[in-house]
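>
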Amino acid sequence: MTANVTCSLSNSCGNHRHNRRKSPVNTRHLLNRNTSFRRKMSSQVRLRLLPRARCMFDEPVQVKVAGLRSRQMVTLRARSTDEKGVVFSSSATFRADGSGQIDLERDPSLGGTYTGVEPMGLLWSMRPDTLHKRFQRTKSLNPHMVKISVHDQEKEEGRILAEATNERLLIGDGVIRRTVREGNIRGVLFTPPGEGPFPAVLDLYTSGGGLSEKRASLLARRGFVVLTVALYGNSDMSRNIREIHLDYLEEALEFLKKQYKVGGKGVGVISISKSGDLALSMASYLQGVEAVVWINGCSANTLLPLYYQKSQILPPLMVDLSKLIPTESEAFNGKKVMNDPLAEENEATLIPVERAEGRLLFVASEDDLNWDSTAYVDMMVERLQRHGKDNFETVCYPGAGHYLEPPYGPYCPSSFHAVAGGPVLWGGEARSHAAAEVHLWKKIQEFFRAHLSCDATQTKAKL
153 MTANVTCSLS NSCGNHRHNR RKSPVNTRHL LNRNTSFRRK MSSQVRLRLL PRARCMFDEP
213 VQVKVAGLRS RQMVTLRARS TDEKGVVFSS SATFRADGSG QIDLERDPSL GGTYTGVEPM
273 GLLWSMRPDT LHKRFQRTKS LNPHMVKISV HDQEKEEGRI LAEATNERLL IGDGVIRRTV
333 REGNIRGVLF TPPGEGPFPA VLDLYTSGGG LSEKRASLLA RRGFVVLTVA LYGNSDMSRN
393 IREIHLDYLE EALEFLKKQY KVGGKGVGVI SISKSGDLAL SMASYLQGVE AVVWINGCSA
453 NTLLPLYYQK SQILPPLMVD LSKLIPTESE AFNGKKVMND PLAEENEATL IPVERAEGRL
513 LFVASEDDLN WDSTAYVDMM VERLQRHGKD NFETVCYPGA GHYLEPPYGP YCPSSFHAVA
573 GGPVLWGGEA RSHAAAEVHL WKKIQEFFRA HLSCDATQTK AKL
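Under this note's numbering, the first residue of the sequence shown is numbered 153, with each subsequent residue one higher.
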């Protein structure tokens with residue numbers, strides 16, 4: 153490129169030496185030619201998202217770049233804004249092969265927010281521009297838009313060579329979304345396309361208040377009728393509660409069983425964190441819970457007393473906030489904050505999980521810093537075995553943190569915790585945590601398909 157410009161300058165000057173004043177060098181023209189040439193070069197760089205740029209949130213995409221110079225160094229960047237307006241971004245540096253191509257399924261990141269060969273690393277390694285923020289994408293109708301760009305690292309560092317947008321949908325084609333306000337129930341029902349019958353799942357996302365649709369809508373796309381319900385802080389529900397009533401969850405369970413596309417006599421329950429003990433209490437005290445997925449929960453009823461039919465059935469296991477450990481990141485380590493459920497004064501808080509007739513899947517992250525979820529699994533396994541029960545299985549993930557969610561979202565190392573009154577560490581290492589989410593998402597679907605009844609005669613009886 154430089155040689156061509158030099159030649160152009162020489163010819164122009166040589167042909168008009170006798171009258172330079174009349175024919176000055178047009179530097180603006182040369183600059184425009186140079187800029188145009190650079191644009192032409194960058195337009196030859198192609199960024200492809202395969203098999204297509206529009207996909208489901210829980211599906212991987214293959215990122216490929218072509219049209220680069222042989223062995224050219226470039227940086228790939230990803231950027232997205234969540235529904236709270238927080239910007240998340242990531243970067244990774246690559247060297248093109250001899251043909252000027254990069255394939256994230258083949259080529260290692262040499263530096264950035266992750267390193268090594270990680271086909272989806274640009275997505276799970278995204279970090280918030282504000283410290284201690286958790287990625288918020290709770291509404292199923294709003295896709296997760298990720299802008300991916302290729303930047304020059306050599307001649308003009310940072311210049312964009314190519315870009316594309318990955319539209320990651322939270323609700324699949326044909327899935328019906330219905331807001332539920334019946335009786336006391338406040339939630340959203342997701343129904344797959346087709347006649348069915350389908351197995352049914354009640355999603356208890358978390359105790360953080362409000363409503364999260366992401367996991368429920370993605371499960372519906374996989375062939376489940378899913379009802380996600382709010383515990384408090386949604387619609388006309390109180391934002392502050394002093395107790396939880398199992399009757400509310402029983403009402404949701406019965407509502408779900410009556411849906412005409414539901415083909416089973418019972419339902420599954422999926423939970424995480426505080427809602428884990430609610431799911432176990434449902435399985436222990438209510439009829440019709442065929443399978444429970446418990447993710448990093450507790451073996452005891454935590455924080456709030458649990459009532460059923462106007463009587464308290466479980467007192468709460470409380471916290472000792474003096475055990476919060478400050479860290480250099482300004483987020484607390486709260487792993488030891490929960491009181492010991494096996495202590496004599498706390499035994500009444502333990503959930504009588506041996507009463508559960510359905511199948512139980514206990515999922516624990518070994519680096520969970522919210523509390524000691526692996527210890528809680530050990531407690532429940534010992535209790536079940538002591539009562540001669542074998543209706544359970546366990547999965548443990550080394551290097552994973554507290555919030556195991558549908559895969560390919562940004563890993564969250566820390567965020568605000570209402571009980572702690574400030575940011576806390578969730579634990580885990582980004583790469584291991586991301587791998588755990590991929591494995592667990594498949595495991596959840598396999599577990600529910602194996603243990604939830606689905607009979608066409610049940611759907612006909614409801615018509």
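Heads up, the beta-carbon is just placed ideally off N, CA and C, and yes, glycines get one too.
1. Using a Cβ distance threshold of 8 Å, determine whether the region 399-417 contacts the region 369-386, with at least three qualifying pairs required.
2. Where DSSP assigns a beta bridge to residue 304, which residues make up the other side?
3. Cα separation between residue 365 and residue 250?
4. For residue 458 and residue 467, I'd like the C-alpha separation in whole angstroms.
5. Please report how far the alpha carbon of residue 371 lies from the alpha carbon of residue 386, in whole angstroms.
6. Going by beta carbon distance, what residues of the same chain come within less than 6 Å of residue 619, once the five residues before and after it are set aside?
7. Less than 6 Å between C-beta atoms, sequence neighbours within five positions excluded: which residues of the same chain meet that for residue 262?
8. With distances taken from CA atoms, which of 210, 219 and 312 is nearest residue 296?
9. Could you tell me whether the Cβ atoms of residue 235 and residue 305 are closer together than 7 Å?
10. Measuring straight from C-alpha to C-alpha, what distance separates residue 422 and residue 444?
11. Compare the C-alpha of residue 223 against each of 509, 259, 493 and 550 and name the closest.
12. Between which two residues does the beta strand (DSSP E) holding residue 528 run?
13. Under a Cβ-count criterion, where at least 16 other Cβ atoms within 10 Å of its own Cβ denotes burial, should residue 507 be classed as buried or exposed?
14. Give me the Cβ distance between residue 416 and residue 604, rounded to the nearest whole Å; I'm assuming they're in contact under 8 Å.
15. Taking contact to mean at least 3 C-beta pairs separated by less than 8 Å, is the region 496-513 in contact with the region 533-545?
16. Who are the near neighbours of residue 173 in its chain, counting only those whose CB is closer than 7 Å to its CB and skipping five residues on each side?
17. Helix, strand or coil, according to DSSP, for residue 398 in the structure here?
18. With DSSP as the reference, label residue 181 as helix, strand or coil.
19. Just to check my reading of the structure: residue 199 and residue 302 have Cβ atoms closer than 8 Å, yes? What is that Cβ distance to the nearest angstrom?
20. How do the region 568-581 and the region 215-234 stand: do at least 3 beta-carbon pairs fall below 8 Å, yes or no?
21. Grab the span of the alpha helix (DSSP H) containing residue 412 for me, first residue to last.
22. Output the distance between the C-alpha atoms of residue 481 and residue 558, rounded to the nearest integer angstrom.
23. Determine the direct distance from the alpha carbon of residue 231 to that of residue 563, and round the result to whole angstroms.
With the structure as the only source:
1. yes
2. On the sequence shown, position 152 is the one that residue 304 refers to. DSSP, once it has assigned bridges, lists 226 as partnering residue 304.
3. Taking the first residue of the sequence shown as 1, we reach residue 365 at position 213. Taking the first residue of the sequence shown as 1, we reach residue 250 at position 98. Cα to Cα, the separation comes out at about 45 Å.
4. Residue 458 sits at position 306 when you count from the first residue of the sequence shown. Residue 467 sits at position 315 when you count from the first residue of the sequence shown. If I take the Cα positions, the gap works out to 6 Å.
5. Here residue 371 refers to the residue found at position 219 when the sequence shown is read from its first residue. Here residue 386 refers to the residue found at position 234 when the sequence shown is read from its first residue. Near 22 Å, if we compare the C-alpha coordinates of residue 386 and residue 371.
6. It is not possible to answer for residue 619, since the shown part of the chain is limited to 153 through 615.
7. As a working note, residue 262 is residue 110 in the sequence shown. Same-chain partners within the cutoff: 245.
8. Within the sequence shown, numbered from 1, the residue matching residue 296 stands at position 144. If we check each option's Cα against that of residue 296, 210 comes out closest.
9. For this step, residue 235 is matched to residue 83 along the sequence shown. For this step, residue 305 is matched to residue 153 along the sequence shown. Not a contact, by the Cβ cut-off of 7 Å.
10. Working through the sequence shown from its first residue, we reach residue 422 at position 270. Working through the sequence shown from its first residue, we reach residue 444 at position 292. Straight-line Cα distance between these residues: approximately 6 Å.
11. Looking up residue 223 in the sequence shown gives position 71. The shortest C-alpha separation from residue 223 is found at 259.
12. The residue you call residue 528 lines up with position 376 of the sequence shown. It is not in any beta strand (DSSP E) - residue 528 instead sits in the alpha helix (DSSP H) that spans 525-538.
13. Your numbering for residue 507 matches position 355 in the sequence shown. Exposed, because fewer than 16 other Cβ atoms sit within 10 Å of the Cβ of residue 507.
14. Along the sequence shown, read from residue 1 onward, the residue named residue 416 stands at position 264. Along the sequence shown, read from residue 1 onward, the residue named residue 604 stands at position 452. That belief holds up - the Cβ atoms of residue 416 and residue 604 are roughly 6 Å apart, short of 8 Å.
15. yes
16. In the sequence shown, the residue the question calls residue 173 occupies position 21. Residue placement at residue 173 is flagged as unreliable, the pLDDT there being 40, under the threshold of 50; the coordinate-derived value follows with that caveat. Nothing meets the Cβ criterion.
17. For the purposes of this step, residue 398 is taken as the residue at position 246 of the sequence shown. Helix, per DSSP.
18. Working through the sequence shown from its first residue, we reach residue 181 at position 29. Residue confidence is low: residue 181 scores 46 on pLDDT, short of 50, so the model does not pin down where it sits. Its coordinate-derived value is still stated next. Looking at residue 181 - three-state DSSP - the assignment turns out to be helix.
19. For this step, residue 199 is matched to residue 47 along the sequence shown. For this step, residue 302 is matched to residue 150 along the sequence shown. 5 Å between Cβ atoms; contact.
20. no
21. Against the sequence shown, residue 412 aligns to sequence position 260. Residue 412 -> no alpha helix (DSSP H), and no H or E assigned at all.
22. Looking up residue 481 in the sequence shown gives position 329. Looking up residue 558 in the sequence shown gives position 406. Each residue's alpha carbon lies about 26 Å from the other.
23. As a position in the sequence shown, residue 563 is number 411, starting the count at 1. As a position in the sequence shown, residue 231 is number 79, starting the count at 1. If you take the alpha carbons of residue 563 and residue 231, they lie about 14 Å apart.
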